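First up is the structure itself, then whatever we jot down about it.
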Ligand SMILES: [Zn+2]
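Numbering (the UniProt record's numbering), first residue to last: 1 to 431.
This is the structure we're talking about:
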């Protein structure tokens, strides 16, 4: 049988795996999951008697089902790997088992490796043999292997999806570049414990009017507030038409907020997903303002405030993750009549995605303009700082702003810019 965790995974993968035939996938999993099963042994005897499944040679007259399994192998390869139990079923050099995308197969360090070795050879009971690992694998692979925790009891090897969408989803929510209170709100909404009116009723709180605080047109539930309410839909459309198009298609029904949000997560880029989380939070805040403070804003106002808020938050947070320089958050306004441009950049070492923030303020400290831009393919803090500087200068030039001063917290970049008289290259590249 297919383990239930995999069935769930398949369900969540519906957005990507529409074309994959479930029955064939099951057969494939049987082969992989249980090499001693009858099906697996029949396939092995016929198609890959001397190889692992992954290296199965092309067959002259494959059966229909074997052809289909091979056809879906590519797809499975995109995310499937072994999870190490005892390590006895896993071929060290040909099976995917290292938690390092995309291949999950270790690099061979030289020619004199033992080709037939199994992962169990590197395990002293329940622990990795670090000395042996260091002799055989590259340092990058050793690091990846040591990140695999071994069971302290005898355990079987099994096949898992490396990209577990559930894990990825929560990681993305917790690491989203939004305030912590917004994350808590999203988490509560996912657990269906936001104190909406229907929930308060459920807890026997006496409420006269159960209709939605924002539109008065429906019962106030989490799903209604977060993605069905006309107010929320209008806000998302105004803030970002693309997110609206992707996430609020009238053809798809979602029974829960979490289900809807996971669907959005699978379809949106990372920055758009973060923005969506932020907008949902903005809806909840507006709902609370109306409930507790008798203060109500229009869709346009909430949209404007949310955008300004998000930019400001990301400006102060964007350094996180790369921060080797401690930030002293005392901003000093420029002299009267001057403008000051602050710029900053940050990136993720894992995804190589980054962002640049530029904010222009006057001597009163009022924000005169600004921007946030996503940058791809960033490999070093210097690189993103340099890009941020260039974008800031271009922005000032294009708007003919003067007199103006620039401020960055990258000490290295500031020294480099101030010292260099001509055009030179350095770790910053050509500026
Ligand atoms: Zn409503």
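Glycine included, C-beta positions come from ideal geometry on N, C-alpha and C.
Computed from a predicted structure; not experimentally measured.
From the options, residue whose alpha carbon lies closest to that of residue i
i, options, result
"residue 307", "133, 58, 272 and 175", "272"
"residue 494", "207, 386 and 89", "Examination of residue 494 is not possible in this model, given that the chain is present from 1 through 431 alone."
"residue 433", "238, 296, 371 and 122", "The requested residue 433 does not occur in the structure, where the chain is confined to residues 1 to 431."
"residue 141", "153, 128, 151 and 152", "128"
"residue 303", "294, 293, 276 and 292", "276"
"residue 398", "146, 381 and 369", "369"
"residue 262", "149, 227, 50 and 120", "227"
"residue 313", "284, 259, 288 and 278", "278"
"residue 250", "229, 240 and 211", "229"
"residue 406", "358, 181 and 353", "358"
"residue 349", "234, 332, 362 and 382", "382"
"residue 243", "258, 123 and 264", "264"
"residue 91", "305, 118, 67 and 69", "118"
"residue 113", "137, 130, 123 and 124", "137"
"residue 107", "294, 123 and 135", "135"
"residue 442", "390, 42 and 258", "The chain is shown from 1 up to 431; residue 442 falls before or after that span and cannot be answered."
"residue 116", "220, 205, 50 and 294", "50"
"residue 187", "204, 211, 157 and 222", "222"
Separation of residue j from residue i, as counted between CA atoms
i, j, result
"residue 236", "residue 152", "49 Å"
"residue 364", "residue 373", "25 Å"
"residue 266", "residue 84", "27 Å"
"residue 376", "residue 82", "31 Å"
"residue 126", "residue 379", "36 Å"
"residue 224", "residue 172", "23 Å"
"residue 213", "residue 395", "41 Å"
"residue 448", "residue 340", "Because the chain in this structure spans residues 1 to 431, residue 448 falls outside the shown range and cannot be described."
"residue 360", "residue 388", "13 Å"
"residue 139", "residue 86", "23 Å"
"residue 59", "residue 46", "9 Å"
"residue 282", "residue 246", "19 Å"
"residue 96", "residue 105", "5 Å"
"residue 64", "residue 385", "55 Å"
"residue 268", "residue 109", "39 Å"
"residue 120", "residue 132", "12 Å"
"residue 309", "residue 179", "10 Å"
"residue 334", "residue 408", "14 Å"
"residue 356", "residue 401", "20 Å"
"residue 254", "residue 200", "22 Å"
"residue 292", "residue 80", "49 Å"
"residue 160", "residue 288", "42 Å"
"residue 403", "residue 336", "10 Å"
"residue 338", "residue 362", "6 Å"
"residue 290", "residue 195", "14 Å"
"residue 36", "residue 70", "19 Å"
"residue 209", "residue 216", "9 Å"
"residue 347", "residue 353", "6 Å"
"residue 22", "residue 239", "No answer about residue 22 holds up, because its pLDDT of 48 lies below 50 and its placement is not dependable."
"residue 274", "residue 241", "15 Å"
"residue 294", "residue 148", "53 Å"
"residue 311", "residue 305", "10 Å"
"residue 316", "residue 286", "23 Å"
"residue 205", "residue 181", "25 Å"
"residue 391", "residue 301", "28 Å"
"residue 67", "residue 38", "19 Å"
"residue 420", "residue 345", "Bear in mind that a pLDDT of 42 at residue 420, under 50, signals an unreliable position, so the model cannot answer this."
"residue 218", "residue 211", "5 Å"
Residue j beta carbon less than 8 Å from that of residue i
i, j, result
"residue 183", "residue 189", "no"
"residue 94", "residue 52", "yes"
"residue 144", "residue 99", "yes"
"residue 260", "residue 185", "no"
"residue 299", "residue 231", "yes"
"residue 56", "residue 48", "yes"
"residue 192", "residue 296", "no"
"residue 150", "residue 123", "yes"
"residue 248", "residue 270", "no"
Contact test: residue i Cβ vs ligand 2 heavy atom, cutoff 7 Å
i, result
"residue 95", "Although ligand 2 was asked about, the structure shown includes only ligand 1 as ligands."
Neighbour flag for residue i against chain D, beta carbons, 8 Å
i, result
"residue 198", "Going by chain labels, chain D is absent from the structure shown, which holds only one protein chain."
Inset, instruction - Report all residues for which the CB-ligand distance to some heavy atom of ligand 1 is below 6 Å; order them along the chain. - result: 212, 214, 215, 217, 218, 224, 229 and 231
Inset, instruction - Give, in chain order, every unbroken run of the alpha helix (DSSP H) that is at least 4 residues long and sits entirely within the segment 99-181. - result: 130-136, 139-146 and 165-174
Legend entry - beta strand (DSSP E) runs contained entirely in the UniProt domain "RNase H type-1" (342-421), provided each spans 3 or more residues: 354-362, 367-375 and 404-407
Legend entry - Ranges of the alpha helix (DSSP H) found wholly within the segment 184-220, counting only runs of at least 4: 197-202
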